[in-house]
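In our numbering, the protein residues as written are 24 to 784.
By construction, the Cβ of each residue, glycine as well, lies at the ideal position given by its N, Cα and C atoms.
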Amino acid sequence: MTGMKKLFAAVGMSAALLCGCSPVSESDGEMNRFISELMDKMTLHEKLGQLNLPSGGDLTTGPIVDSDLAEMIRREEIGGYFNVKGIDKIRELQRIAVEETRLGIPLVVGADIIHGYQTIFPIPLALSCSWDTAAVRRAAEISAKEGSANGISWTFSPMVDICKDARWGRIAEGNGEDPYLGSVLARAYVRGYQGENLRESEVNIMACLKHFALYGASESGRDYNLTDMSRVRMFNEYFPPYRAAVEAGVGTVMTSFNTVDGIPATANEWLLEDVLRGQWGFGGMVVTDYNSIGEMAVHGVADLKKAGIMAMNAGTDMDMVSGSFLYPMAEALSEGSVLEERIDEACRRVLEMKYKLGLFDNPYKYCDTLRAAKDTYSAENRAEARRIAAETFVLLKNEGRLLPLKPGSRIALIGPMADARNNMCGMWSPTCDPSQHQSLLEGMRAAVGDKAEILYAKGSNVYYDGQTEKGAVGIRPLERGDDRQLLAEAMAVAARADVIIAAVGECADMTGESASRTDIRIPDAQRDLLQALVKTGKPVVLLLFTGRPLELAWESENVPAILNVWFGGSETGAAVGDVLFGETVPSGKLTTTFPRSVGQLPLYYGQVNTGRPDGEPGVFNRYVSNYIDCPNDGLYPFGYGLSYTAFEYGEMKLDAEVLPQGGSITVTVPVKNVGDFDGVETVQLYIRDLYADIARPVKELKGFRRIFLRKGESRDVTFTLTADDLKYYNADLVYKYDAGDFQVMVGPDSRNVQTKTFMAE
Ligand code: BGC
């Protein structure tokens with residue numbers, strides 16, 4: 024069915040279907056009536072104005088475009104805006120909309136509150152490594168609370184793009200490589216931001232699922248590049264988190280920059296109408312990404328006006344930045360290339376969003392200046408961020424139990440990340456104010472008090488001049504110093520210490536949007552520093568800052584302890600102190616595979632076996648699927664992370680060997696804390712379908728339990744498997760399971776598992 028035909032059908036649909044995926048309720052009826060009455064009064068120009076979303080320019084998240092927002096509001100040319108910071112300014116713009124326009128329709132105010140507004144949580148990839156659904160939800164709740172106190176009604180989050188390629192900088196913004204975990208966390212974000220009753224609540228905001236679709240599969244890991252994959256793969260591996268967010272009631276969806284099947288996602292009717300709205304029942308509003316309609320000209324698809332028409336007819340409702348839904352759309356309507364009903368439908372969805380936010384009840388709902396002072400960066404929010412940050416750190420290695428550090432030790436904290444306040448939060452925190460945050464050095468000193476003496480040296484620059492042939496334009500490498508002098512200072516400080524903590528890694532600008540890398544090692548100057556520190560013979564802890572899995576071949580062999588702290592947010596310093604000194608026992612587990620070599624990418628645990636699998640890991644064999652120069656698997660697998668304590672897994676038991684139709688199997692595994700600390704363990708369950716219509720992955724995560732065990736305590740951990748856990752999309756995109764043999768695996772990570780088999784009837 025073409026967009027036009029579908030449109031006619033849609034116009035004939037019940038109002039409830041057009042208004043949201045939740046079941047029809049009395050309030051839907053009220054909303055529909057309210058909006059219909061309002062739209063009866065609206066001119067075409069006013070309706071098109073609602074579809075336009077310019078950038079304010081206080082914050083920069085894309086190529087800069089100048090917009091005089093106040094004038095645009097008076098001319099009734101906008102439905103909302105984004106990238107403005109400051110509650111007074113936002114309040115004044117709302118006043119202009121309400122008091123100086125004919126119908127006084129309030130504006131929606133968007134922002135990228137990706138992992139916090141001013142209290143900054145760890146980057147999303149790090150948050151996912153907590154495997155703590157409640158913590159992720161709590162981080163989203165606090166982000167919403169702070170955003171809403173500062174004029175923001177709409178966050179462009181969660182980003183749930185599955186990514187299996189560490190070269191892509193935006194891997195930092197998502198939940199890693201796994202569709203099951205990605206779905207669980209997508210739901211947690213949506214619930215945290217939107218709460219239970221958005222219309223009544225002052226502390227919740229509208230979420231925006233992004234980037235629909237497949238942006239995380241950008242070819243070669245190069246940002247904005249095309250994606251190209253089979254539908255089987257889309258439906259089984261990449262779509263589940265988007266769908267989960269829709270089912271959790273996300274109010275809006277953002278289209279992605281990339282093409283899917285050659286068609287830019289923003290104008291991809293199959294994605295937006297057939298899949299998102301048709302199959303998944305999404306009833307909310309679809310917005311483009313930053314100028315993605317404008318970019319269709321350079322994609323080689325259409326000039327601005329035609330691109331706008333294509334996007335509109337494909338089901339996009341609101342245009343971020345390009346302006347194509349305004350005057351060009353009026354022309355398109357008069358020429359007959361867009362139907363008035365379609366414009367009405369888009370306008371209705373924008374107005375519904377405002378209604379659901381309660382903006383028609385109180386346009387100034389998010390402009391309470393008293394709340395801004397009270398709820399922003401409060402002691403309570405910061406305490407939560409500190410606690411949550413500590414849960415996201417992943418202990419990759421701990422030889423000789425170097426960690427936790429012994430009280431009374433003299434510590435040399437060395438590295439360009441150690442005293443860099445503006446580097447703590449990662450690149451997606453445009454609303455944060457780093458001047459208020461402590462650096463790692465400051466935070467650690469405050470956290471450890473007199474338990475330890477902390478000496479400091481910067482040690483090196485982030486990288487040497489000329490590390491990249493392109494000369495890393497746009498990357499702020501933090502302050503530069505003389506390479507030799509920095510190293511000499513570091514050696515002098517190291518000589519006085521009992522233990523060295525090397526705070527090294529990527530700087531924030533090397534990660535995130537438009538930060539693809541082909542060399543994913545620790546940058547050169549810091550590698551040299553680390554090697555020099557290890558050569559001193561003193562114990563070295565590598566405290567790794569990164570927004571992506573890095574290649575750590577040398578480090579994993581030569582550095583005794585590695586604690587990956589990602590970008591931990593505004594409270595990083597204190598949280599790192601908590602973990603290094605054992606106040607908090609690390610429990611994070613990787614949600615994305617760390618490769619041995621960049622040449623393995625894309626790399627992920629849920630591989631399909633091939634007809635010639637690698638029978639002898641680590642040994643090269645002709646005519647099987649392996650590399651001459653590298654094992655197939657990653658250095659650190661998905662699900663991996665150590666603790667200061669140790670957990671022992673007993674034998675897994677199944678309560679039956681046959682899963683009857685409509686029934687279930689219970690899987691039980693005893694887990695005991697046999698170490699010296701109380702601690703948290705995340706027990707993981709995987710399955711494998713041995714024979715199916717299509718080749719299926721050798722392992723698929725289907726459940727996890729995050730449990731706290733005191734020293735010496737043990738517990739039976741149980742999982743219930745039903746036929747739903749076995750289902751997948753076959754080549755005809757039929758969602759089904761196959762009767763027959765399955766494996767079930769349980770373990771502390773995706774590599775280290777015990778296996779049993781069962782049969783499904
Ligand atoms: C990014 C989006 C973001 C938008 C608005 C774009 O460049 O891709 O993730 O929400 O800008 O800031």
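Under 8 Å by Cβ, that's how I've got residue i and residue j pegged, so tell me the actual separation to the nearest angstrom.
i       : j       : result
Pro-618 : Gly-570 : Rounded, the Cβ-Cβ distance is 15 Å, inconsistent with contact.
Ala-134 : Thr-178 : 6 Å
Cys-455 : Ile-143 : 5 Å
Val-310 : Thr-275 : 6 Å
Nearest-angstrom Cα distance between residue i and residue j?
i       : j       : result
Tyr-313 : Gly-535 : 15 Å
Arg-56  : Ser-78  : 31 Å
Ser-483 : Met-514 : 11 Å
Leu-744 : Val-769 : 13 Å
Ser-773 : Tyr-627 : 10 Å
Met-27  : Ser-462 : With a pLDDT of only 39 at Met-27, under 50, the local geometry of the prediction cannot be trusted, and no value is derived from it.
Phe-590 : Val-213 : 22 Å
Val-321 : Ser-90  : 23 Å
Cys-44  : Ala-679 : Any reading at Cys-44 must be qualified, since the residue scores a pLDDT of 35, below 50, and its modelled position is unreliable; the value itself is stated next. C-alpha separation (whole angstroms): 39 Å.
His-138 : Gly-763 : 43 Å
Cys-231 : Met-376 : 11 Å
Phe-416 : Gln-549 : 21 Å
Ile-434 : Leu-708 : 40 Å
Leu-464 : Trp-293 : 51 Å
Val-692 : Thr-778 : 11 Å
Lys-379 : Asp-391 : 19 Å
Met-252 : Gly-199 : 18 Å
Ser-224 : Gly-218 : 8 Å
Asn-106 : Ser-315 : 17 Å
Glu-736 : Met-54  : 54 Å
Gly-239 : Arg-125 : 43 Å
Lys-604 : Leu-426 : The identity of residue 604 in the sequence shown is Phe, whereas the question assumes Lys. Rounded to whole angstroms, Phe-604 to Leu-426 spans 8 Å at the Cα level.
Could you give the residue range of the beta strand (DSSP E) that holds residue i?
i       : result
Met-308 : 308–310
Ala-172 : First-last for Ala-172: undefined, no H or E at that position.
Ile-710 : 702–712
Gly-726 : 723–732
Tyr-786 : Outside the displayed range of the chain (24 to 784) lies residue 786, so it cannot be described from this structure.
Tyr-378 : Taken as a continuous stretch (DSSP letters only), Tyr-378 belongs to no beta strand (DSSP E), being part of the alpha helix (DSSP H) at 363–379.
Thr-780 : 777–783
Lys-108 : Careful: Lys-108 lies outside any beta strand (DSSP E) and carries neither H nor E.
Lys-612 : Lys-612 -> no beta strand (DSSP E), and no H or E assigned at all.
According to DSSP, what are the bridge partners of residue i?
i       : result
Val-564 : Ile-524, Ala-584
Ala-480 : Ile-437
Asn-75  : Asp-342
Ser-687 : Thr-745
Tyr-751 : Lys-759
Arg-738 : Val-694
Tyr-265 : None; Tyr-265 has no bridge partner.
Asp-764 : Met-782
Gly-103 : Val-131
Val-276 : Leu-232, Val-309
Tyr-659 : Phe-617
Lys-420 : Ile-585
Val-255 : In DSSP, Val-255 forms no bridge with anything.
Out of the options, state which residue places its alpha-carbon closest to the alpha-carbon of residue i.
i       : options                            : result
Thr-250 : Phe-262, Ser-593, Ala-236, Asn-259 : Ala-236
Ser-153 : Val-694, Gly-664, Leu-744          : Gly-664
Ala-267 : Leu-299, Tyr-760, Leu-626, Gln-549 : Leu-299
Met-150 : Thr-595, Gly-79, Thr-743           : The question names Met, but residue 150 is Leu in the sequence shown. Out of Thr-595, Gly-79, Thr-743, Thr-595 has the C-alpha closest to the C-alpha of Leu-150.
Arg-97  : Ile-543, Arg-118, Gln-217, Gly-79  : Arg-118
Gly-381 : Arg-519, Leu-295, Leu-130          : Leu-130
Glu-529 : Ala-195, Ser-166, Gly-735          : Ala-195
Gly-127 : Gly-133, Ala-134, Gly-103          : Gly-103
Pro-263 : Ala-290, Tyr-378, Gly-218, Val-207 : Val-207
Ser-786 : Leu-221, Gly-673, Thr-339          : Since the first and last residues shown for the chain are 24 and 784, residue 786 lies out of range.
Glu-368 : Asn-446, Ala-337, Pro-86           : Ala-337
Arg-365 : Pro-386, Gly-629, Gly-346, Met-341 : Met-341
Val-621 : Cys-653, Val-599, Gly-641          : Cys-653
His-793 : Glu-354, Gly-600, Leu-425, Trp-451 : In the structure as shown, the chain begins at 24 and stops at 784. Residue 793 is therefore absent and cannot be evaluated.
Ala-441 : Ser-59, Val-485, Val-681, Gln-73   : Val-485
At what residues does the alpha helix (DSSP H) containing residue i begin and finish?
i       : result
Glu-407 : 402–415
Asn-336 : 327–337
Give me the pocket residues for ligand 3, defined as CB within less than 5 Å of any heavy atom, sorted by chain position. Summarising the ligand content, the structure contains ligand 1 and does not contain ligand 3.
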